[in-house]
Every structure is written in C-alpha cells, then in structure tokens.
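Beneath this line is the structure, given in structure tokens, with notes to follow.
Protein chains: 2
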Amino acid sequence: MLANLKQFLIGKPLKSEEIHHEKYSVFRGLPILSSDAISSVAYAGEEILWVLIPVIGILSYKYLFYVALAIVMLLCILVFSYRQTIDSYPNGGGSYKVSKENLGTTWALIAGSSLTIDYILTVAVSASAGTAAITSAFPKALTHKVIITMLIIIIMGIGNLRGISESSKLFSLPTYLFIAVSVIMIVYGIIKFYILGYTPTQVQAIPEATGNITILLILRAFAGGCTALTGVEAISDGVPNFKEPAQKNAKVVLFFLTLIIMIIFGGISYLATLYKAVPTLDKTVVSQITEQVFGKGIMFYIMQIATTFILIMAANTAFSDLPLLLSFIAKDGYAPRQFLTRGDRLSYSNGIIVLSFAAIFLTVLFKGETHFLLPLYAVGVFISFTLSQTGMVGKWIKSRKAGWRHKAFINGVGALVTLITAIIIGYTKFLHGAWVVFFLIPLIVHLMKNVRKHYDEIAEQLSMENQDLPKFNERKLKHFIVPVGGLNKSVLKTLNYAKCLSDDIVAFHVSVDDEESEKLKRKWEKYNIAVPLVIKKSPYREIKKPLMKYIFSEEYPSSPGDVVTIVMPQFVVSAWWGNILHNQTALILKNTLLREQNIAVITVPYIIKSQKKS
Amino acid sequence: MLANLKQFLIGKPLKSEEIHHEKYSVFRGLPILSSDAISSVAYAGEEILWVLIPVIGILSYKYLFYVALAIVMLLCILVFSYRQTIDSYPNGGGSYKVSKENLGTTWALIAGSSLTIDYILTVAVSASAGTAAITSAFPKALTHKVIITMLIIIIMGIGNLRGISESSKLFSLPTYLFIAVSVIMIVYGIIKFYILGYTPTQVQAIPEATGNITILLILRAFAGGCTALTGVEAISDGVPNFKEPAQKNAKVVLFFLTLIIMIIFGGISYLATLYKAVPTLDKTVVSQITEQVFGKGIMFYIMQIATTFILIMAANTAFSDLPLLLSFIAKDGYAPRQFLTRGDRLSYSNGIIVLSFAAIFLTVLFKGETHFLLPLYAVGVFISFTLSQTGMVGKWIKSRKAGWRHKAFINGVGALVTLITAIIIGYTKFLHGAWVVFFLIPLIVHLMKNVRKHYDEIAEQLSMENQDLPKFNERKLKHFIVPVGGLNKSVLKTLNYAKCLSDDIVAFHVSVDDEESEKLKRKWEKYNIAVPLVIKKSPYREIKKPLMKYIFSEEYPSSPGDVVTIVMPQFVVSAWWGNILHNQTALILKNTLLREQNIAVITVPYIIKSQKKS
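Sequence order for the protein chains is R and X.
Each residue of the first sequence is one higher than the one before, counting from 0 in numbering that gives the first Met the number 0.
Each residue of the second sequence is one higher than the one before, counting from 0 in numbering that gives the first Met the number 0.
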C-alpha cells in the first residue's frame, strides 16, 4: 500500500545506467545556473529599503542608489575571481572542493556547513518570496501564506525525488520571461516617469525620518542588499555540465549573468527611487513598482507569476546542489552514508528529504516571512565565497606557475572583499539572527568530524589488516537454544530445523504462569519432543534476563567465549495489520539479543496464509 | 536513556507475586466504587437546565424538580435489579460477563463496546468537569482549559501505570469531603433561604421563555439528567473486592450510594430552583449555588476543590475498570492480546495507554467542554444496563429455581426501564452526537469479531492436532547463503560461523558498481576465502530481488520446497545514535526475507566497541 503511494508520487524506479547528464549550451545553461542569483533581485532592493526608510525616510531613495552601486561593484570583483576558478576546475569547483584541496579538511567542513545552512535558507527564502509574489497579486491568499509556502516546498521535494532536473527545459521559460518583463518594466517605467510625465501615486506613506544617516546604517543596508549576490557561485560548480568548450561557455554565462543582475538590480532600484516604493510585509516592493508602471492589468499579473516561477527555480537550484554537496561530504566520511544512496529515480533522495523538512521547519518557525528569514541568509554564502577565494590564492602560491602573482592577486582581492562583506553582514545582522549561523557552523563541523571518527573506528575494528582474524572451532558453535512460549507447528518447524544443524539443543521456556508451564510440559511429553525443555521462572515477566542468566549459569554446558545460537520461531502474518494483533515479544527479544557479542540469532519464519474473507 | 525516563515516570518493575488485591470494608469501598456515580451530580442537574431554560425560561425550575424525581425513581429500580446481580455473581458481574453467559457472544460484545466507549467518555467528561470546577473558582485559568484537562488525564495515566489503585486510601478523603460539604450546603442553603430570608442575587439573567413545555422537552431534560446514574454498575462489578461477607457489604454500599445520590442530586436540584442558577459554559451551576450559599469564602473554594477531586476519582474508576474489561475481552480473543500483558508495575499498561490517548483525543476534539461531550455519554451506559438486566432475566428463566418468576420480574422491570431510557437518550440526543455511538458500537463489534477470526485462523494453522506435522530432512536445510557487501571482520566471522554449520555455502554479492565488485573479488582471492563468491548485477540497486532470483535459478542447487538459510553479518554499534549513521540494508533485507516460507535467516552480530571520547 505504502509502496504504491510512493510509486504514484515519485514514479517507477529507474535503472542505474539510465542516469545521464545533459550538457548545456549557453542559452540553456544561463536560466538553469543563474536563476538563484537573478531571482534574488526580487527581494534584495526591498531589504535595503527596510533598513533605510524607518531611519532616514525619503532620503533613503538617494542612498539606495549608492548602496546598489557598491553591490554591483562587489559583483564585478566576484566575477573576476570566479573566472579563475572556472579555468582551474574544469570538473567543477565548489567551495567545499576548493577549500578541501587547498586549505584542508576543517576549512572545507566550514565551507560545507555554511553552504548547507545557506541552501536550506535558499529554499525557505525563495519559496516564501515566491509566495509573497502571489499574495501581492492576490491579497486574499495572505492568510494562507505559510500553507502555500509549505506546499511549494513539498511539491518541489517530490518533483526532485522524481528527478525533475531532467525536465529542466521547461524551466528556461520563466527565467527568460522574468528577464524580459523586468527589462520592459524598467525601460517603460523610466519613459513613463520622464517622458509621459506620470506622477506616482503614493500608495504607502513614507515614514518621517527618525535619525541621521550613519556609517552603520549604510553598512546594514549594504548587508541587506548583498543577498542579491547569492547564487553567483553556481556557475563555477557546474562547469562540467556545459557543452564543449565548457570553460569558455561557463565564462560566457557568467558574463551574461553579471550583465543581467546589473541591469535588473540597478534598474529596479532606480525605479523604486522614482516611484517611491515602501516595503511592507503584505506587498512586495517589486509588485508596488509593477502596479504603478503597468497598472493592475495583464502585465502586472505576468510579472508576479514570472517572479514566483523564477523564485521557485532558485529554490530548485538548492534541491539539486545540496544533495550533491552532501553526497561529496558523505563520500569523504563526514556525513551519514545514507546521503550517498541514490533513490528509485536516481536522485539523492535522502538529501532531498532532509532539505525539504528543514526548509519546512524554517518556514513554520518564521511564519513564511521572507523579511524575517533574510538576516540568517547570505552570511553563509559569503563565508563560503571567502574560503573558496582564499583556497584559490593558496593554489596559486603553491603552484608558482606563470603569472601566479597576478592570479593570486585577483583571487586575493576577491577573498578580502568577500571576507569584509561577510564580517559586515555578520556584524550588522548578528543580533537579528545571524548569531544562529555562527552558532550552527561550529556545531555542524563538530558533528561532521565526529561522524568521520565514528566511521573510522568501525572501519578499524572491522579491518582485516594487521589483526588476528577470528576463527571458530566447530564445537563452540553448536550450542543451540530455542526459546518457546508454547508448542505449535511454528515451534515444531523451528525445533526440526535446529535439530538438522546441531545436536546440542535446549528448548527454553520462561514461565510467568505456573499453570501454563505445566500444560506445556504435558504437551511436550504428549508429542514426544526429543529436545530437552528447560523452564525458568521470571518474576518480572521478562525473557531476556532469565535466558542470559541461564546461558551463563553452571547448568548450561558452555564455556566463556563460546558462541550460543538462539533459534527463534516467528510466525509471519501476511496482512499489514496482522502484526498489531500479536505480542512482539520475539521481535523485541531478537533485537536485544543482537547486542551480545557471542550470540547469533536464527529466525525461522512460519508464514500464516491469509484466508479468504468470510 | 528511554528506559531511565520510563522508570522515573512509572517506577521500578514489580514482581508478579507482588500483585495483591486489597479487600474493602464498607467504609473504604463506598468512596472507591461510588465516586463515578456520586460525581455525576456535579453536571447532571446542569444538563437538565441546559435543555429547559432556553425554551421555557423561569418555568424550568418547577420541571427540574419533576425530572430529578423521575431520575431518582429510575435509580431505585436499578438498585433493586443490581441487588440481584450482586447475589448471583459473587465474583463480580459486569455487563460483559453477564451478557456473555446468558445472551451470547454478540450481545456481550455489544455490551463490551458500549462500555469501552463510555469509559473513555467517563475520563474525558470527568476530567473536563473537574477542570470546569477549577476554572469556575479561578476564571483566569479558563483560557488553558484544554491543557489543564489534558494534564489531568496524563497524570492519571502515569499514576495508573505506576499502579495508583494501591494507594487508594488517599482517595477516600475527597469523596467523603464532597459528600459532607454538599450536605452542609444543602441544609444551610435551605435554612438561608427560608429561615434567614436571604433573597438570591440574580447573577445571570434568566432568558425569556421562547416556547412551551412539551413531552419531547421533558424527555430531553430527562435524558440529560440520566448522566447522574452512570457508574451505578461499578459496585456489582466489584463484589469480590469486598471483605466477607462480600455480597452483603456490596449491598450495603449500594444502599448508601443510592441514599447519597438521592440526597445530593435532589438537594442540589432543589437549591438550583431556590437560587435560580443558570447554566453557562464558564461557570458551573454547582459553583453558582455554592457562591450564593456560602459567599466567595473558604467554603466556596473547599467545595470546588472537593468537586475537582471527586471527578478525578471518577475518571480514575475508568482507568481501573476499562483495562480490566479489555483484558477480559482479550482473554476471549476478541481484542488484541497486548491488553492481557501486565506492565512493569503489574497494571494492564496497554489498556491504560490506549484509554489515555483516546480521552485526550476527545478532549481536544470537544475543546474540553463537558457540555459538548455529554450527548455522547450515557447512551452506552444504558445499553449495557439493559443487556446486563436482560441477561439476568435469561438466567432466571433458564434456572427455574425457587422464586425465579419474582426475580425475573424485578430484572425484567429493570431491563425494560433501562431500555426505554436508552431509547429516550438515543432519540433525543441522536443529532447532538449520540449517532456517533450508534455508528461506533457495530463497528467495534465487527472489528472484535474479526480479531477473533484472525486469532482462530492462526491457531488453526499452527495447531498440531489432526494435521501432518512438518518434517525436514537434513539435506534440504543445509543450503546456506551469506549476502556480503564487502569483506571485513564481521563478514569473516559470519562466514566462519556458517562453515561450522554447513558445507553448502555461497557468498552472494549484489553489484551496483563494477569497480567495487572487482575490488571485492581481488580481496576475496587475497585472503583466500574458501567460500565461492557469486556476483550478480542489480540495475535497480536492490538486493532482495536478485537474491531471490538466484535462489530460484537453475544455477543454484536447490529443489523447490528446500529451505534456504540466509546468514547475515550485522555489526551492532552500542551507542543509540550509531544506527542513524549506517545504511539499514541488512535490517530491511532481513525483514523482507522473513516473508518467504522457505527461508530462514541467521543474524551473526559483530559488536563494535565504543571507544573513549578523544
């Protein structure tokens, strides 16, 4: 029943060889690898205004422009840095990989855990922002915000378990649509204001200024806007997915990505200045601008829908990247091995499931409010930027190939700038939630190291190198004990089975009721069972303790270190509800016995055929 | 860890022989066996007013008296009937038992399921009413009504798992306190009104009459008040718990119980008439009267606390009776066997746990509102009254002992009157919720019969009578297969173990990665493992299917019907979180293999020692 539901939701299993990596052209690669970065403009400008407006009121729009400019400059520095990463890592250079190779394990784990946190936040933030785009168009849906966001995450989770990335052709459309509509809006918005002489109607009153412009305020605004740069690293991770010449194509995409972000982020920020949008929890800044520029007509709805879809695509990036990252970490032994298993549809299902639950948890915790989630966001990204660039610097210094100084300088500038940005973000957002990230990163790194330690310990204990290999002599293995509750065909089958394997068999009965035990004794004699029956009282109605006591007693003919085999009858009812109706004594006993070193457990099933319904 | 928590909550395990049944004197038995019945006066009068007041306004107080009188008469009839049950069943005559002996299984199951539903309702109703007594005194607690009720249920559940009934000495106090305070209140209330000439202040306005008095209205009021009679049967169930002469003592308690209900129920109904209490959801009728009679002083709070405690005791009755009833039904095979198991503290823990959850579910569903729960209540009780009395009539007719006509007549009247009452309650409350009960009873009876059928089927298939007993010849049992994922000490231990038991061993490896399989082959040769290694590809990354396919293939030397033994290496990590870090492949494989008739499974554990923390 459950298996059917699973198949209905995620589709038929695929063969291992059916895995195939599609190669992207520039045209196809751009929307897939840049949706995360491009989509962040849907909330980045708004974040800057959230910081400025309550303090300096109408003056904000002037500073919005400067802050946006600073962020675009930061983007350019990043692009130069990442071009070098693309050149050096034709097989993909994610932060984890670059840090591991050049900085060592601990830094790699810091990068890995920063990214893990950020990918989870990407899903929560993008799904919430996608919902915000919907509710800005349809305010009636506002009360169901959290549910809508959760549904988006669940659908994406299921889609990715099915292996949605295969069908990503569909996904190009909304990105190009979003780019096109945004550019039209920017151009038309400027024309409408300057040439048609439209005077914006003030939807939301701009609050009075309550303070002065300070460095800290500008830094906070800058930190808020930096969310626009999340996702830029995706292209350098995805180099091997490009058609040949892969590195060149990747760099072309990186160039276009930069251009698009500059135009849209700059343009929308500029429109916000012209049309005086004021951030509120209920209506996004972008939707306020769109409504003013296009009126509440067809274009408004197209823009909102395109925004929703590009945000969903951005979340989808995390769904394909985080499980891959976790599988890398798991391969190195720092994460549970389950992250390496491919599911029925060849996706890393466990990573997808963990990501879905974590993102849903965050959504519920933060009530589906993008603005509350964002303080946690971006710190992780910039930490991983810094580590990746620093790793590149280390790489150049070590290599000392031609032009290494020049290249190290470029990555060094990248590392320094992203480090400063990380510090700014961390400092200004610390009390608003970034402290959680600074608390979680060392915790996760610590856990990851312990996981590795655990695997190492086990590998060492199981290893066959340089150790005495275990040997058993035959005699020691032939102690068989069959625990019996009563005497029936299942027990008989088990006794017969045991007799074929050993001559040293004892049937062991734990008595909780003298009368029952007496009955069993008589039945044992009646059927002339050729196995001795040992009966022990159990005042606490337990089975394992009396059994263990018996095994270690004088009475039982085993020497210390002997292996004792417990042969358990177990009848299996085919109906799924069958097990509810039976005491799970056998099952529980089996599981606790397996914790003993010198006990092997045999289960002899007896299948109960389900009969026709009356 | 979990085991420690369990022991902290419910105490150390007790030995089976530590079970002991305390025998009650009349003085001790009265509070324990009658708290359910006596406590219902806390809400029965209120229920009558809920029906009358909205329709006939101030006239209600006149009819309240008549309805209460009818209920007291019904009580007297019941008492005569139950005296005869006490005489006939010195070992306790619950409805289930009496119906089973005299009417047959189906009727017994109807009685059993009615009682089950009603016991669950008793807990939910009494806990809610107990909370209502608290919130009437401390209105600030009103917002936490549901939580308080749930806490009461959880504490009672845990208390009963500990075996609280032993300490029931404590419980006598609140019942006697409640009786004493109630009687004082009634006497003083009458004096205050008639002799001191107190004019009641109208706290709540009495609504205007909106209709006329009709038969249906009276019947509905009667049905509401009948909740006062729930719990009367407890004494006849509990006869064996009395000191000798048990039957006589039981009858004395029954007499006192009747007297107390007559006085308190009649008295409080009369006070309600004098002081014109109006039922509301926020303040109980009893608390309104208490406040008028005593003022909001110490006596008021004592009365509220006594009410809360007697209601908790009433709920506790269900906690001792329902698990016992379920154990009877389970003994007859109509309920899951787990209800027969005594827990660490010798209580029927599973019944207690099921009861707690069901009552909490009802509390949440009905928002902890006694008034909403009551329509479901009482129907079940009167159905079981009817069946029990009808059973007694059957018993007399069959016995034809001296005076059987007279005795059959008394029980016949009892049966008829309770039947009519059940019909009245069912009819008048049908749409208000009683339909649920009429829907549930046949459903539960059906389920119970299916449970029995299931047990019968299994017993038949396992029975050793009149059937060919299974025999195995040695050859058939010696097919051993060891599934291996790799080669390590755990696998080696397993292979050595298997070699001691059989010569026909194959190691079976499922290949999902050619390279890994090649490595395994080389390692196999390097260590010179004397067991042949079979490698099969699994395109869908499964293990069971290729294994089963191999067993049934030409390649494998077994004949149909042969038993094949799968020997599984399993390493066991002692830390509780250890298993999270390992693919549970072995465990899952084991569980699915056990569904095959001719496969036995041996698990050979390899214990990983947990090393010191670094």
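Quick reminder that beta carbons are idealized off the backbone N, C-alpha and C, glycines included.
The structure presented is a predicted model; accordingly, all values stated were derived computationally and were not measured.
The beta carbon of ILE147/R sits closer than 6 Å to those of THR130, all from its chain and outside the five residues before and after it, given in chain order.
Note on the region 485–557 of chain X: whole beta strand (DSSP E) runs with a minimum of 3 residues are 503–510, 532–536, in chain order. For LEU280/R, the closest of GLY210/R, PRO138/R, MET149/R by C-alpha to C-alpha distance is PRO138/R. For the pair VAL97/X and THR84/X, the CB atoms are nearer than the 9 Å cut-off. A check of alpha carbon separations from SER387/X across SER39/X, SER38/X, SER80/X identifies SER80/X as the nearest.
Put simply, the backbone Cα of TYR42/R is about 32 Å away from that of ASN90/R. Here MET72/R is exposed, its C-beta having fewer than 16 other C-beta atoms within 10 Å.
Taking the beta carbon of ARG341/R as reference, the chain X residues within 7 Å of it are ARG540, listed in sequence order.
At a C-beta separation below 7 Å, TYR526/R has these neighbours in chain X: MET463.
Interface flag for THR104/X against chain R is unset, since no Cβ pair is found closer than 9 Å. Assignment of ALA271/R by DSSP, reduced to helix, strand and coil, places it in the helix class. Per DSSP, TYR118/X lies in no beta strand (DSSP E) segment; the continuous alpha helix (DSSP H) that holds it begins and ends at 104–136.
For GLN460/X, the neighbours in chain R by C-beta distance under 8 Å run, in chain order, LYS488, ILE607, LYS608. By the neighbour-count definition (other C-beta atoms within 10 Å, threshold 16), CYS75/X is an exposed residue. Rounded to the nearest whole angstrom, the C-alpha separation of THR104/X and THR385/X is 16 Å.
Your pair GLN569/R and LEU593/X checks out as a contact, with CB atoms roughly 7 Å apart and the cut at 8 Å. Within chain X, no C-beta atom comes nearer than 9 Å to that of PHE241/R; the closest sits roughly 26 Å away.
According to the DSSP assignment, PHE479/R belongs to the beta strand (DSSP E) that extends over 478–482. Rounded to whole angstroms, the gap between the alpha carbons of PHE7/R and LYS535/X is 29 Å. Restricting attention to alpha helix (DSSP H) runs no shorter than 4 residues, the region 136–210 of chain X encloses them at 144–161, 168–193, ordered along the chain.
When the Cα atoms are used, VAL412/X and GLY402/X turn out to be separated by approximately 16 Å. Between LEU486/R and ILE528/R, the C-beta spacing is below 9 Å.
Under the three-pair Cβ rule at 8 Å, the region 417–431 of chain X does not count as touching the region 117–129 of chain X.
The continuous alpha helix (DSSP H) containing VAL78/R extends over residues 59–87. Look at the region 495–520 of chain X: the residues with a C-beta under 7 Å from a C-beta of chain R are ASN495, TYR496, CYS499, LEU500, VAL511. Taking the CA atoms as reference points, ARG27/R sits about 57 Å from ALA357/X. Taking a cut-off of 8 Å for Cβ pairs, the region 326–339 of chain R and the region 447–459 of chain R touch, as three or more such pairs fall below it. The Cβ-Cβ distance between ILE480/R and LEU532/R does not fall below 9 Å. In the three-state reduction of the DSSP assignment, PHE365/X falls in the coil class, being assigned neither a helical nor a strand state. With 16 or more other Cβ atoms inside 10 Å of its own Cβ, GLN287/R counts as buried. DSSP places MET463/X in the coil class of the three-state scheme, outside both helix and strand. In chain R, no part has a C-beta under 7 Å from the C-beta of ALA36/X; the shortest such distance is about 35 Å. In the three-state scheme derived from DSSP, where H, G and I count as helix and E and B as strand, VAL435/X is classed as helix.
For ILE598/X, the C-beta contacts it makes with chain R under 8 Å involve PRO604, in order along the chain.
Secondary structure at VAL562/X: coil, using DSSP grouped into helix, strand and coil.
Between the alpha carbons of ILE109/R and VAL122/R lies a gap of roughly 20 Å.
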